[in-house]
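Shown next, in the form of structure tokens:
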């Protein structure tokens with residue numbers, strides 16, 4: 049939440065220069081008096097954020113500098129304290145366990161790129177269908193949203209039955225593929241299940257974006273003789289882009305943390321579908337909280353970088369809108385409700 | 055997000071606990087030496103009993119009976135999810151925060167070493183339990199470094215289920231005692247027109263705890279070992295290779311159907327009940343379920359076959375342990391005696407078909423009539439080899455699964471897999 053909002057401002061200050069700069073400065077001076085009031089009003093949020101976000105993150109960072117408690121061979125008991133090992137956990141992850149880490153890293157990245165890509169395509173399609181006025185629209189909308197309402201763990205079980213060796217997936221394709229074994233087919237199974245579940249999320253956010261596009265824009269285009277494809281490409285897409293980008297950002301962050309679906313659908317320790325979260329879980333479940341924290345920190349950094357890149361993308365877009373034609377200014381106004389909606393669902 | 059925060063919280067909690075200990079240790083270093091039997095079992099009052107989901111619905115009635123007799127020392131049943139990994143994690147979380155919410159723990163037999171070494175459970179006074187009447191291999195699972203840290207509650211051993219109707223039709227009177235006999239029996243049975251499409255044998259070969267069990271059984275049944283008595287790995291041997299090769303070759307020549315690589319207990323049971331398998335390795339729970347299926351009356355059990363003679367099973371089952379951080383330990387000890395008594399064992403055998411730890415039940419005529427598999431199970435348990443009893447069991451079982459799976463799927467030769475496994479296990483035991 050905090051991340052998504054700040055950078056556009058700084059980006060605006062730096063890149064837009066000319067007309068935006070003075071405005072910002074004037075506003076800064078004007079708020080000096082009411083600044084304290086603002087700080088007071090924001091402080092409860094900041095305190096809560098500090099407790100639930102900042103503190104655990106710092107503790108994880110700290111924890112990642114400690115090794116696992118060793119076994120004292122004389123007594124046969126585990127020692128009481130965790131030794132301070134500095135950055136050894138990170139060195140081990142990237143050195144000794146490097147192969148496993150990079151495999152998980154690429155799996156995570158692969159899943160994120162492929163699933164978010166497919167979800168975007170399908171989600172936009174869903175949104176366009178849900179947006180059309182036709183008989184039974186409510187039913188279609190509800191139907192499309194059902195997968196999103198199913199908890200991931202449950203959908204994992206569901207798809208495990210579908211991808212069973214005697215399951216319906218094999219019956220449909222008339223071949224016996226062992227989906228839950230190591231290999232590319234396991235990746236396919238995870239991607240199918242993930243896309244099935246989360247494409248409606250993008251569909252929902254894009255639908256919200258579609259609903260605020262004024263009809264007149266389309267009418268004007270139609271009068272000018274624009275084809276349906278052109279209208280989609282030049283009106284719909286640019287105008288839902290802000291909402292779409294936010295949806296994709298949330299999906300990316302979610303997909304990077306993917307854990308339950310591969311864990312339940314395919315199983316633990318299957319290298320073809322092992323993600324970074326699963327590595328952290330494996331360490332934590334074997335009572336090695338230090339290395340587990342190190343994995344979690346690395347994953348956190350990765351997610352953070354991707355989020356930052358996305359926000360930059362959004363921010364750049366924000367500036368591009370300013371001073372451009374009227375269509376785009378409308379697009380800018382859309383952003384705020386879209387953002388808020390996204391916050392609610394996250 | 056949620057998982058990350060809980061993880062971080064766990065870490066921080068563990069961390070805080072470690073910090074407390076640091077300062078505590080300075081004042082009373084002797085306390086940490088962990089002499090067995092030093093625990094005092096004091097305090098009476100309400101306690102909790104923590105187990106997985108009570109799927110058979112038999113635990114609560116028993117606890118109700120206890121509560122009726124002990125109104126001031128009531129036991130509350132805390133049910134954890136039915137998945138074993140989750141149970142272990144919740145118990146560990148409870149221990150790491152030194153919470154007194156859990157008193158008596160229903161531990162899987164393979165967790166004893168880990169819980170004992172972390173001092174999450176108390177050493178128990180062995181003299182107060184009728185241990186000498188229990189089966190020895192079962193009792194061993196409750197010990198860590200010669201100290202008793204748990205009391206056996208139920209046991210479990212693998213058995214070979216086979217189709218009596220088909221074997222009879224093919225003119226085979228005896229269930230196979232060796233792998234070779236099993237394969238030749240299959241060849242005979244498959245000559246029958248109604249068994250043409252059946253597969254010979256299956257166990258549990260999905261990459262999970264079941265694979266550890268099946269792999270260890272194959273290795274032990276060929277005369278090999280995974281780890282020796284003191285937990286040292288010794289798996290890169292010719293005997294172990296013969297065991298693994300039986301599984302690998304069976305997959306290659308179709309003795310084991312190729313979809314068995316995805317089988318857990320339930321999938322393999324369903325395949326057997328659906329008439330896809332002639333032989334199945336599984337636990338005793340299958341007996342009553344298969345008895346209600348289409349193949350009722352057409353199957354029987356035998357001890358697991360091996361390379362040159364009867365094979366060795368892995369040991370399953372559960373033990374009761376006492377959380378170190380609990381209150382009212384005197385009550386807890388009494389409850390544990392009650393829960394592991396012969397009377398209770400009889401109740402669980404009858405109501406939930408749980409294999410008892412007591413030797414006498416297996417020869418009880420009335421019981422054997424009701425549960426014809428008991429003598430076979432006794433043999434299975436007596437010849438059973440416990441899974442590696444090591445502190446870092448989670449790591450060891452992960453390595454076993456990793457290498458066995460690689461060999462079964464053909465991505466490694468069995469020799470290479472065993473070599474890598476030996477190296478991996480050595481590294482892990484050195485790291486302790």
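Residue numbers (this note's numbering), protein chains in the order written: chain V, 49 to 394; chain D, 55 to 486.
Backbone N, C-alpha and C define an ideal beta-carbon position, used for all residues, glycine too.
All of these numbers come straight from a predicted model, not from anything done at the bench.
Would you kindly work out how many angstroms separate the C-alpha atoms of residue i and residue j, rounded to a whole number?
i              : j              : result
residue 405(D) : residue 209(D) : 15 Å
residue 281(V) : residue 296(V) : 18 Å
residue 336(V) : residue 244(V) : 35 Å
residue 484(D) : residue 150(V) : 25 Å
residue 200(D) : residue 464(D) : 40 Å
residue 237(V) : residue 122(D) : 52 Å
residue 15(D)  : residue 220(D) : This structure leaves residue 15(D) out entirely; chain D is present only between 55 and 486.
residue 201(V) : residue 308(V) : 6 Å
residue 79(D)  : residue 231(V) : In this prediction, residue 79(D) has a pLDDT of 35, which is less than 50 and means its spatial position is unreliable; what the coordinates show is noted afterwards. So the two alpha carbons sit approximately 50 Å from each other.
residue 188(D) : residue 411(D) : 5 Å
residue 85(D)  : residue 120(D) : Summary for residue 85(D): the model assigns pLDDT 37, below 50, so the residue's position carries little reliability; its value from the coordinates is reported in the next sentence. The straight-line gap from Cα to Cα measures roughly 34 Å.
residue 281(D) : residue 448(D) : 15 Å
residue 125(V) : residue 131(D) : 29 Å
residue 97(V)  : residue 88(V)  : 15 Å
residue 128(V) : residue 83(V)  : 49 Å
residue 443(D) : residue 334(V) : 15 Å
residue 475(D) : residue 286(D) : 12 Å
residue 262(V) : residue 277(V) : 18 Å
residue 293(V) : residue 347(D) : 54 Å
residue 226(V) : residue 213(V) : 6 Å
Which one or two residues does DSSP pair with residue i in a beta bridge?
i              : result
residue 353(D) : 217(D)
residue 333(D) : 216(D) and 255(D)
residue 132(V) : 114(V)
residue 188(D) : 412(D)
residue 197(D) : 202(D)
residue 218(V) : Answer by DSSP bridge pairing: none, since residue 218(V) is not bridged.
residue 105(D) : 133(D)
residue 160(D) : 374(D)
residue 159(V) : Per DSSP, none; premise fails for residue 159(V).
residue 354(V) : Answer is none; residue 354(V) lacks a bridge partner.
Could you pull out every residue in the same chain whose Cβ sits closer than 6 Å to the Cβ of residue i, ignoring the five residues on either side in sequence?
i              : result
residue 83(D)  : Only weak support exists for where residue 83(D) lies, its pLDDT of 33 falling under 50; the value from the coordinates is given anyway. Excluding positions up to five away in sequence, the list is empty.
residue 471(D) : 457, 460 and 461
residue 278(D) : 291, 293, 294 and 297
residue 370(D) : 210
Near residue i, what residues of its chain come up, given a Cβ to Cβ distance below 8 Å and the 5 sequence neighbours on each side ignored?
i              : result
residue 109(V) : 341 and 345
residue 203(D) : 166, 169, 170, 175, 176, 177, 178, 196, 197 and 375
residue 468(D) : 295, 298, 299, 302 and 461
residue 185(V) : 178
residue 134(V) : 113
residue 386(D) : 95, 101, 157, 158, 376 and 380
residue 112(D) : 401, 402, 405 and 406
residue 262(D) : 318 and 455
Along chain V, in chain order, which residues have C-beta atoms closer than 7 Å to that of residue i?
i              : result
residue 199(D) : 124
residue 455(D) : 317
residue 424(D) : Neighbours of residue 424(D) on chain V: none; closest Cβ ~33 Å, over 7 Å.
residue 452(D) : 317
Starting from residue i, find everything on chain D with Cβ-Cβ shorter than 8 Å and list it in chain order.
i              : result
residue 228(V) : 260 and 316
What residues from chain D crowd round residue i, counting only those whose CB sits closer than 9 Å?
i              : result
residue 335(V) : 68, 146, 150, 168, 172, 446 and 448
Can you list the residues of chain D that residue i reaches, using a CB-CB cut of under 7 Å?
i              : result
residue 320(V) : Residues of chain D passing the Cβ test: none, with the nearest at roughly 11 Å.
residue 213(V) : 313 and 316
residue 224(V) : 313
Check the Cβ of residue i against every Cβ in chain V and list those closer than 8 Å, keeping chain order.
i              : result
residue 463(D) : 229 and 230
Leaving out five residues before and five after residue i in sequence, what residues of the same chain have Cβ atoms less than 7 Å from its Cβ?
i              : result
residue 77(D)  : For residue 77(D), the predicted model reports a pLDDT of 35, less than 50, meaning its position is unreliable and no value from the coordinates is stated.
residue 309(D) : 237, 240, 254 and 255
residue 373(V) : Because the pLDDT of residue 373(V) is 43, which lies under 50, any placement of that residue in the model is unreliable, and the question is left without a value.
residue 205(D) : 178, 183, 196, 373, 374, 390 and 394
residue 81(D)  : Caution applies to residue 81(D), whose pLDDT of 34 falls short of 50 and renders its modelled position unreliable; the value that the coordinates give is listed next. If we look at residue 81(D) and ignore the five residues flanking it on each side, it has no Cβ neighbours.
Just the chain V side, please: which residues come within less than 9 Å of residue i by C-beta, in chain order?
i              : result
residue 143(D) : 332 and 333
residue 139(D) : 316 and 333
When you measure from the CB of residue i to every non-hydrogen atom of the ligand GTP, does any distance come out below 7 Å?
i              : result
residue 392(D) : No copy of the ligand GTP appears in this structure; indeed no ligand is present at all.
Practice task
With a floor of 4 residues, list each alpha helix (DSSP H) that falls wholly inside the stretch 230-294 of chain V, ordered by position along the chain.
Solution key: Counting only runs of 4 or more, we get 232-259, 263-271 and 276-279.
Problem - 4-residue-minimum alpha helix (DSSP H) runs that sit fully inside the stretch 403-474 of chain D, ordered along the chain - result: Runs found: 419-424, 428-436 and 447-462.
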